[in-house]
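If you read the sequence shown in my numbering, its first letter stands for residue 12, the second for the next number, and so on.
We put the CB at the ideal spot given by N, CA and C, even for glycine.
Shown next, in structure tokens, is the structure this report addresses.
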Amino acid sequence: MTSPSAVPRAAFDAASADVSLPLGRVVATEKKPNTPHEFHFWTAIDAPIGIGTIVRVEGNTPVEAVIPRVYGVVVEGFSYSDLQSPLHDVLGHDGRPHQGPLAHTDRTEIRLYTASVLRHIPEEPLQPVPLGAVYLADDADVAVALRMDGYITGESATGIPVGVYRAGGMRSPIFLDADFLVGPEAAHLNISGVSGLATKTSAIEWLLQSIFAHFPAHRGTVAAVCFNVKGPDLCFLDQPGKLEPADLEMYDMLGVPPTPFQDVRYFAPFTARGFALNTLRSHPALADSVSPLTWGLGEVLQFAEVLLNKDDIDAKADALIDFIRERVVGKDFEEPGFTRTHNVQSFADLDAWFRDVLRKLEDSNGDTWRTHHAATVRKVRNRLSNLSTRCAGLVTDDGAVSDLPFGSFVDRAVYVIDVANVEEDAQDLVFARVVSRLREQLERRELGVDHVIVFVDELNKYAPHDGPDTYVRKMLLDIAERGRYLGLVLFGAQQFRSQVHRRVTGNAGTALYGRMDGDELASPGYQVLSPAIKARMATLDKGQLMVRHPHFTQPVFVRFPRPSVMSGREGVERFPQAPEPSLAQAVTRELRRLDDTIELGFVQQTILLYDEQVVLAARNAVVRTRPDDVKRAFTRELARRARPTASDVEAVAPRPRALRSFSPDEYGG
12 MTSPSAVPRA
22 AFDAASADVS
32 LPLGRVVATE
42 KKPNTPHEFH
52 FWTAIDAPIG
62 IGTIVRVEGN
72 TPVEAVIPRV
82 YGVVVEGFSY
92 SDLQSPLHDV
102 LGHDGRPHQG
112 PLAHTDRTEI
122 RLYTASVLRH
132 IPEEPLQPVP
142 LGAVYLADDA
152 DVAVALRMDG
162 YITGESATGI
172 PVGVYRAGGM
182 RSPIFLDADF
192 LVGPEAAHLN
202 ISGVSGLATK
212 TSAIEWLLQS
222 IFAHFPAHRG
232 TVAAVCFNVK
242 GPDLCFLDQP
252 GKLEPADLEM
262 YDMLGVPPTP
272 FQDVRYFAPF
282 TARGFALNTL
292 RSHPALADSV
302 SPLTWGLGEV
312 LQFAEVLLNK
322 DDIDAKADAL
332 IDFIRERVVG
342 KDFEEPGFTR
352 THNVQSFADL
362 DAWFRDVLRK
372 LEDSNGDTWR
382 THHAATVRKV
392 RNRLSNLSTR
402 CAGLVTDDGA
412 VSDLPFGSFV
422 DRAVYVIDVA
432 NVEEDAQDLV
442 FARVVSRLRE
452 QLERRELGVD
462 HVIVFVDELN
472 KYAPHDGPDT
482 YVRKMLLDIA
492 ERGRYLGLVL
502 FGAQQFRSQV
512 HRRVTGNAGT
522 ALYGRMDGDE
532 LASPGYQVLS
542 PAIKARMATL
552 DKGQLMVRHP
562 HFTQPVFVRF
572 PRPSVMSGRE
582 GVERFPQAPE
592 PSLAQAVTRE
602 LRRLDDTIEL
612 GFVQQTILLY
622 DEQVVLAARN
632 AVVRTRPDDV
642 KRAFTRELAR
652 RARPTASDVE
662 AVAPRPRALR
672 SFSPDEYGG
């Protein structure tokens with residue numbers, strides 16, 4: 012791993028402008044005086060100064076025996092001539108734009124710039140910017156102006172390269188402070204910009220590569236969990252991408268290896284039929300690297316409020332759900348009048364328990380069971396039983412669980428959860444449960460790493476500034492406000508920052524901006540920026556960002572290299588999605604991960620007499636237990652699951668029940 016301090020300064024000196032000569036001079040007038048936080052200066056017409064350029068002012072008069080030095084960034088520019096009105100210029104060309112001026116001398120033109128102060132040396136006393144010469148900032152000046160000199164050198168350096176600052180033919184590396192990016196001083200990052208043009212996903216991929224290469228060892232270990240919520244954006248992080256010579260030069264300059272991520276692990280739920288995984292990374296050459304993500308009753312019931320409509324589930328229903336969660340699931344439950352002792356482990360077991368409860372209600376001709384009304388029991392049964400259907404492929408009836416490796420996370424590994432093709436309810440459930448488990452494990456220091464970066468795209472959907480206060484939004488707010496103390500860091504992206512909850516964006520220590528929409532820039536959150544800065548933000552190229560960071564008192568424009576991973580568009584062209592497999596093909600593919608000697612013919616012959624659901628349940632059980640003898644275990648699971656159980660017999664031939672009438676509302680309709 013390359014230390015930030017090891018980046019050679021000489022690498023940035025080539026082809027740079029002569030920074031030893033002044034480019035301008037500070038000027039102050041009665042109408043435009045200088046202040047401690049803003050100053051004005053003029054330059055020659057050909058000076059390499061523009062919006063975003065960092066400059067240095069050298070004072071003339073010592074203050075407490077020290078010559079003051081002020082650093083600033085240009086935020087506005089003006090051009091003047093000696094004309095009093097446009098009419099004079101029209102008359103000077105005889106009203107003909109193509110004709111040269113009638114005068115024998117060219118009109119005088121001056122350039123006047125306004126700069127916001129980045130830093131005063133010395134810091135005290137804080138005085139207005141003095142009149143003095145203005146110089147183009149060199150590498151050392153940029154480091155001092157942005158206060159990077161305090162964290163990019165020495166044994167305890169915490170610099171994370173974010174990009175390259177360019178001005179006047181010079182290029183200087185820009186570093187973020189890991190303590191203010193990943194914690195504990197501050198944390199979280201937010202990036203905004205127009206879809207497609209702002210390269211938000213590319214910026215996050217690049218920054219993760221930079222963090223993995225430069226995160227200091229004395230700050231512990233770090234991993235990333237990325238939610239792929241749209242298209243194939245994050246489906247090919249382990250595949251090399253195409254880099255231009257300019258990109259390779261920046262990688263070398265910033266000390267980041269131009270290689271794809273070395274340890275990427277993919278997870279995706281099954282499709283609704285359960286044959287194949289629901290991911291765009293389904294090409295045969297890549298499919299084996301994707302692990303199933305399936306949860307049972309125990310995992311889902313803890314987050315039932317994510318999926319249940321609060322307008323439909325009232326306090327009485329909540330009480331029954333809490334009773335089931337605490338007294339029924341995973342415990343032996345017996346009661347006089349029940350057909351058997353229940354140990355509820357799956358949705359099928361829960362349905363059998365509900366049947367016994369309703370049977371006892373009907374046999375006793377009563378309206379309540381343990382203070383729970385019959386209508387409430389029926390309503391909760393209907394809503395809970397429906398969860399496995401609404402989230403088919405993610406939630407299983409048989410209780411089979413295939414999860415992230417909580418407790419054994421690996422340093423510098425990326426865990427991608429592909430939920431781009433699943434329903435919104437399932438996406439919410441995945442996000443809520445995964446983040447909750449990450450938080451719990453980090454609190455107990457049992458996750459395997461010290462810091463986890465959670466990347467969430469489309470943040471305006473999951474944490475909008477208005478709308479209902481959903482479980483997911485509450486969780487995002489909790490991460491933004493308290494996650495840094497645990498090592499849980501949120502990297503969020505969205506098109507419109509103004510549409511995201513203010514407490515989420517406000518707690519992001521670092522903010523990145525790609526090309527912005529004009530309507531978005533007109534919102535109140537951008538009023539602190541000058542018109543020239545906003546005009547530049549509206550015309551940024553791909554690969555350009557404006558950066559705000561706690562150490563930077565003013566925004567800085569940087570350019571970052573293309574990430575060295577295959578883009579989603581390139582990936583789907585090179586690795587097109589595989590067609591939906593048959594049941595036998597899907598089972599063979601999963602079992603071959605455990606035993607590469609298993610052939611399609613064996614599976615076809617073995618499953619010939621069994622129902623589809625039995626075959627899938629047997630497959631899931633074998634994948635979960637990973638036995639030594641896969642063929643024997645699969646055959647045994649098929650036979651065991653095909654054998655009818657007592658609950659199956661009861662469901663087919665229920666005993667006679669007393670007839671009684673119910674009002675329509677008692678069925679929870």
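Check                                                                                                                   : Outcome
Identity of the residue in Val81, Ala279, Arg118, Gln110 nearest Leu94 by Cα                                            : Arg118
Top-ranked residue by Cα proximity to Leu453, from Tyr473, Gln588, Pro479, Phe420                                       : Phe420
Local conformation of Ser31 per DSSP, three classes                                                                     : coil
Pairwise C-alpha distance: Val483 and Asn264                                                                            : This sequence places Met at residue 264; Asn is not what is there. Each residue's alpha carbon lies about 40 Å from the other.
Straight-line Cα distance separating Cys402 from Glu434                                                                 : 7 Å
Among Ala431, Ser206, Ile464, the one whose alpha carbon lies nearest that of Gly242                                    : Ala431
N-terminal and C-terminal residue of the alpha helix (DSSP H) that Ser127 is part of                                    : Run containing Ser127: none in the alpha helix (DSSP H); it sits in the beta strand (DSSP E), 120–132.
Coarse secondary structure for Met577, derived from DSSP in three states                                                : coil
Inter-residue spacing [alpha-carbon to alpha-carbon] between Val583 and Pro97                                           : 57 Å
Best match in Ser221, Arg647, Asp244 for proximity to Val233 [C-alpha to C-alpha]                                       : Ser221
Gln555 - containing beta strand (DSSP E), residue span                                                                  : 555–559
Proximity winner among Gly341, Val460, Ala491, Gly348, relative to Ala474 (alpha-carbon distances)                      : Ala491
The stretch 192–211 in contact with the stretch 386–399 per 3-pair CB rule at 8 Å                                       : no
Phe507 beta carbon less than 7 Å from that of Asn471                                                                    : yes
Per DSSP, cross-strand counterpart(s) of Gly70                                                                          : Gly143
For Thr521, the first and last residue of its enclosing alpha helix (DSSP H)                                            : That residue, Thr521, is in no alpha helix (DSSP H); its beta strand (DSSP E) goes 521–524.
The stretch 526–538 / the stretch 162–169 touching (three or more Cβ pairs under 8 Å)                                   : no
Asn471 - partner residues in DSSP beta bridges                                                                          : None, per the DSSP bridge assignment.
Residue from Leu523, Cys246, Thr305, His294 whose Cα sits closest to the Cα of Leu200                                   : Leu523
Contact between the stretch 638–649 and the stretch 612–620 (3+ Cβ pairs under 8 Å)                                     : yes
Where Val634 sits in the DSSP three-state scheme                                                                        : helix
Where Asp461 falls: helix, strand or coil (DSSP)                                                                        : coil
Residue environment, Asp659, which counts as buried when at least 16 other CB atoms sit within 10 Å                     : Annotation note: pLDDT 44 at Asp659 (below 50); position unreliable, coordinate value reported separately. Per the 10 Å Cβ criterion, exposed.
Residue span of the beta strand (DSSP E) that contains Tyr82, given as start and end                                    : 80–92
Pick from Ala224, Ala197, Val427, Met159 that is closest to Thr521, judged by C-alpha positions                         : Ala197
Proximity to Ala178 [Cα-Cα], best of Phe186, Val153, Ser357, Gly194                                                     : Val153
Burial state of Val101 (16 or more Cβ within 10 Å)                                                                      : exposed
Rounded separation between Leu487 and Val515 - CA only                                                                  : 7 Å
Option in Val84, Glu49, Asn239 with minimal Cα separation from Asp468                                                   : Asn239
C-beta atoms of Ile202 and Ala504 nearer than 7 Å                                                                       : yes
Neighbourhood of Leu142 by C-beta distance below 6 Å, restricted to the same chain and skipping five residues each side : Val37
Asp149 versus Leu501 - alpha carbon distance                                                                            : 34 Å
Status (buried if at least 16 other CB within 10 Å, exposed otherwise) for His353                                       : buried
Classification of Lys390 by the beta-carbon crowding that lies within 10 angstroms, buried from 16 upward               : buried
Val128 and Val465 closer than 7 Å at C-beta                                                                             : no
Nonlocal neighbours in the same chain, by C-beta distance under 8 Å from Phe278, ignoring five residues either side     : Val301, Ser302, Pro303, Leu304, Leu415, Tyr426, Val427, Ile428, Asp429
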